[in-house]
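Peer 1:
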Amino acid sequence: MTANTPHIPDLSAFWMPFTANRQFKSAPRLLVSANGMYYKTDDGREVLDGTSGLWCVNAGHGREPIVRAIQQQAAQMDYAPTFQMGHPLAFEAARKVADLMPEGLDRIFFANSGSEAMDTALKIALAYHRARGDAQRTRFIGRERGYHGVGFGGISVGGIAGNRKTFSSALLSGVDHLPHTYNAEEMAFTRGQPLWGAHLADELERLVVLHDASTIAAVVVEPLAGSTGVLVPPQGYLERLRAICSKHGILLIFDEVITAFGRLGAATAAERFGVTPDLLTMAKAINNAAVPMGAVAASRTIHDTVVDSGAAGAIELFHGYTYSAHPLAAAAAIATLDLYREEKLFERANEMAPLFEEAAHGVRNAPHVKDVRNLGLVAGIELVPRPDAPGARAYEVFLKCLEKGVMVRYTGDILAFSPPLIISADEIARIFDTVRSVLAEVQ
Ligand SMILES: Cc1ncc(COP(=O)(O)O)c(C=O)c1O
Numbered sequence: 450m451t452a453n454t455p456h457i458p459d460l461s462a463f464w465m466p467f468t469a470n471r472q473f474k475s476a477p478r479l480l481v482s483a484n485g486m487y488y489k490t491d492d493g494r495e496v497l498d499g500t501s502g503l504w505c506v507n508a509g510h511g512r513e514p515i516v517r518a519i520q521q522q523a524a525q526m527d528y529a530p531t532f533q534m535g536h537p538l539a540f541e542a543a544r545k546v547a548d549l550m551p552e553g554l555d556r557i558f559f560a561n562s563g564s565e566a567m568d569t570a571l572k573i574a575l576a577y578h579r580a581r582g583d584a585q586r587t588r589f590i591g592r593e594r595g596y597h598g599v600g601f602g603g604i605s606v607g608g609i610a611g612n613r614k615t616f617s618s619a620l621l622s623g624v625d626h627l628p629h630t631y632n633a634e635e636m637a638f639t640r641g642q643p644l645w646g647a648h649l650a651d652e653l654e655r656l657v658v659l660h661d662a663s664t665i666a667a668v669v670v671e672p673l674a675g676s677t678g679v680l681v682p683p684q685g686y687l688e689r690l691r692a693i694c695s696k697h698g699i700l701l702i703f704d705e706v707i708t709a710f711g712r713l714g715a716a717t718a719a720e721r722f723g724v725t726p727d728l729l730t731m732a733k734a735i736n737n738a739a740v741p742m743g744a745v746a747a748s749r750t751i752h753d754t755v756v757d758s759g760a761a762g763a764i765e766l767f768h769g770y771t772y773s774a775h776p777l778a779a780a781a782a783i784a785t786l787d788l789y790r791e792e793k794l795f796e797r798a799n800e801m802a803p804l805f806e807e808a809a810h811g812v813r814n815a816p817h818v819k820d821v822r823n824l825g826l827v828a829g830i831e832l833v834p835r836p837d838a839p840g841a842r843a844y845e846v847f848l849k850c851l852e853k854g855v856m857v858r859y860t861g862d863i864l865a866f867s868p869p870l871i872i873s874a875d876e877i878a879r880i881f882d883t884v885r886s887v888l889a890e891v892q
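Going by the working numbering, the first residue of the sequence shown is number 450, and it counts up by one from there.
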């Protein structure tokens, strides 16, 4: 992997997302093919995918039924609009997604990414309250350390400082935040859901007193926060948030962009935790990330309230994307959701979870490790930061793991693991053995 790779002579034109562009381009890391659990680099090395790409390739790479579905659809009909027109796969994909959602969340609005799904959910929340004649409910409550993509809506309700500060003057107004749920003293090295922390949901009651319930449209949380570094919800926390929202007529939005489609051993985190939101955003694994796609599942009540409030013949919701339910994305979604079912991949994730947990916590006594946390096929390993160089240690671990043929992800000084649900026991062991040996090497 060198800057002089013959078939990629010039790296300058691509302004890379969420990347240290100058650093990357001085020593690029290029992936050129993928199959099953493995990527191949431009210099021909196999790399075990410990992160499902970006938490999205849940069925593993290059799966034949998905590839075939996309190829066939591209040949049959490349594109069709879904504004005042339709195509059958859009409806079929929506049905299949709806069938996996919690009971009652069976109206599906398609977008093209998690960020767009979040903007869509926020807009639907406003449209719902307005349609009910409650148009003053415009405030959103997000949570510290939440990641909801990079649209202005998502960064406003999101709680990751670095994603907000440059744009702070342009954030949505009227947004407040709950405290995040992490407390190292109370929960370091917890396996699964921490016992401590349900009371943090009561902070919502405080915000309700401050702003008055009548001004609050929705509360938005990731049921398990991923991008901030794997924060598993305390036992009882989501249940309490649900109860408080219901009590005050506030909608609850779950951002399930990384948790939906098997990551936690169930179709959704909502199912896993037994807590049903009013709106649920998803993307990524919805079609194994083979074609960009995001979606919002809305409750029947929300959908019917908005749709029935429109005048006959009038568009009810002034929102949508040129590529909403793009034929290739829809074909990929149908094939993916069938594949998940046929191979029982959500159940498989659940079966592999104890082994994954054991292997992740096996790194506990390695140098620099401050915490290990996990649920389903997600784990986070938090490292002690180097003095005056936050993130540097985790970056080095990431690089050294890659050299040893294992791709992990890091945010700040937290390593995150979210492998495809087809991972074998040996591959789980290899990921964490590699991390342990690298931690012994780095300063
Ligand atoms: C919880 C969550 N929401 C939203 C997003 C944004 O998704 P996208 O990058 O597809 O816009 C992500 C991406 O990682 C995410 O993890």
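Backbone N, C-alpha and C fix where the C-beta goes; we use that ideal spot for every residue, glycine too.
Which class does H510 belong to by DSSP, given the choice of helix, strand or coil?
Peer 2: H510: strand per DSSP, three-state reduction.
Peer 1: Considering M731, what are the terminal residues of the alpha helix (DSSP H) in which it resides?
Peer 2: Taken as a continuous stretch (DSSP letters only), M731 belongs to no alpha helix (DSSP H), being part of the beta strand (DSSP E) at L728 to M731.
Peer 1: How is F616 classed by DSSP in three states: helix, strand or coil?
Peer 2: The answer is helix: DSSP assigns F616 an H, G or I state.
Peer 1: Counting only the same chain and skipping the five closest in sequence on each side, list residues whose C-beta sits under 8 Å from that of W464.
Peer 2: Correct list, in chain order: N470.
Peer 1: Tell me which residues share the same chain as V812 and place their Cβ nearer than 8 Å to its Cβ, disregarding the 5 neighbours each side in the sequence.
Peer 2: Closer than 8 Å at Cβ, skipping near neighbours: V818, V821, I830, F881, V884, R885 and L888.
Peer 1: Reducing DSSP to helix, strand and coil, say where N484 ends up.
Peer 2: N484: strand per DSSP, three-state reduction.
Peer 1: Round the Cβ separation of N737 and T785 to the nearest angstrom and send it over; I've been treating them as touching at under 8 Å.
Peer 2: Indeed, because the Cβ distance is near 4 Å, the residues count as touching under 8 Å.
Peer 1: Assuming the contact rule is C-beta atoms closer than 8 Å, G607 and G595 should be a hit. Round their C-beta distance to whole Å, please.
Peer 2: The Cβ separation is near 5 Å, so the contact holds.
Peer 1: Check whether the Cβ atoms of P776 and A524 lie closer than 7 Å to each other.
Peer 2: Contact flag unset, no.
Peer 1: Quick check: is any heavy atom of ligand 1 less than 6 Å from the C-beta of V606?
Peer 2: Because no heavy atom of ligand 1 lies under 6 Å away, the Cβ of V606 does not count as near it: no.
Peer 1: Is there at least one non-hydrogen atom of ligand 1 closer than 6 Å to the beta-carbon of G499?
Peer 2: G499 Cβ: outside cutoff for every heavy atom of ligand 1.
Peer 1: Give a single yes or no on whether G675 has its beta carbon closer than 6 Å to a heavy atom of ligand 1.
Peer 2: Checking every heavy atom of ligand 1 against the Cβ of G675, one is found closer than 6 Å.
Peer 1: Should I590 be counted as a contact of ligand 1 given a C-beta to heavy atom distance under 6 Å?
Peer 2: No - ligand 1 has no heavy atom lying nearer than 6 Å to the Cβ of I590.
Peer 1: Suppose the cutoff is 7 Å on Cβ atoms and the five residues either side in sequence are ignored; what does the same chain contact list for L788 look like?
Peer 2: Result list for L788: A508, R512, P514 and I515, in chain order.
Peer 1: Quick one: does the C-beta of H597 sit closer than 6 Å to a heavy atom of ligand 3?
Peer 2: You won't find ligand 3 in this model; what it holds is ligand 1.
Peer 1: Just to confirm my understanding: we take A486, look at its own chain, exclude 5 residues before and 5 after, and list those with CB closer than 8 Å. What are they?
Peer 2: A quick correction: the sequence has Met, not Ala, at residue 486. The answer, listed in chain order, is L497, D498, G509, H510, P868, P869, I871, I872, S873 and E876.
Peer 1: In the DSSP assignment, find the alpha helix (DSSP H) that holds F795 and state where it starts and stops.
Peer 2: Its alpha helix (DSSP H) spans residues L794 to H810.
Peer 1: Exposed or buried, E671, counting other C-beta atoms within 10 Å across all chains shown (16 or more means buried)?
Peer 2: Answer is buried; the Cβ neighbour count reaches 16.
Peer 1: Please determine if the stretch 798 to 815 and the stretch 711 to 731 are in contact, where contact requires at least 3 C-beta pairs separated by less than 8 Å.
Peer 2: Yes, the stretch 798 to 815 touches the stretch 711 to 731.
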